[in-house]
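First the structure, in the form of structure tokens, and then the observations on it.
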Amino acid sequence: MTFSKRTLLVHLSLVGIAALSTAWAQTLAGTWQGTIKLPGTPLAIGLTLVEGADVVTGTIDIPAQGIDDLPLTDVARSGNSLSFGLEGVPGAPVFDGTVAGTGSAARIAGTFTQRGQSFPFTLERGVVAAAP
């Protein structure tokens, strides 16, 4: 069987596109640190995210509140959007964010909502510092 140059070019293009789409898929797995911008003072938070085949799980640390490894609930990822809640925390807290950038320049930014109040949050790769 012989391939024409055009057929070969189409096959190589498809392989290249598949390779690029895999490279562009931003992995969320790992540690993230940042803040919720509350009135008066930012609240430091840290996330540890684990990605499986079709699921993202994780935990949150909030050192100033003595919270360590609290499981995330209802984690949902669709494209560059990420949302999750916090297990057993009153006021139905929800984080809704967007992932931007790749590698060490990756960021997650969005809105934290609890008890009807919303505040911006930002996260970047890293480990949250312990409470003083």
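Residue numbers for the sequence shown, in mature numbering (1 follows the signal peptide of the UniProt record, and there is no 0): -25 to -1, 1 to 107.
Beta carbons are placed, not taken as given, at the ideal position from N, Cα and C, and that holds for glycine.
The beta-bridge partner set that DSSP reports for R82 consists of A75 and E99.
As for any beta strand (DSSP E) of minimum length 3 sitting wholly inside the region 4 to 56, the runs are 5 to 12, 17 to 26, 31 to 37 and 42 to 53, ordered along the chain. In the three-state DSSP reduction, V69 falls in the strand class (E or B). Of the candidates A84, S56 and A104, the residue whose Cα lies closest to the Cα of F96 is A84. G72 sits buried, since 16 or more C-beta atoms from the chains shown fall within 10 Å of its C-beta. Per DSSP, the beta bridge partners of T88 are V69 and S93.
The three-state secondary structure of G60, taken from DSSP, is strand. L47 counts as buried, since no fewer than 16 other beta carbons sit within 10 angstroms of its beta carbon. It is roughly 15 Å from the alpha-carbon of R90 to the alpha-carbon of I11.
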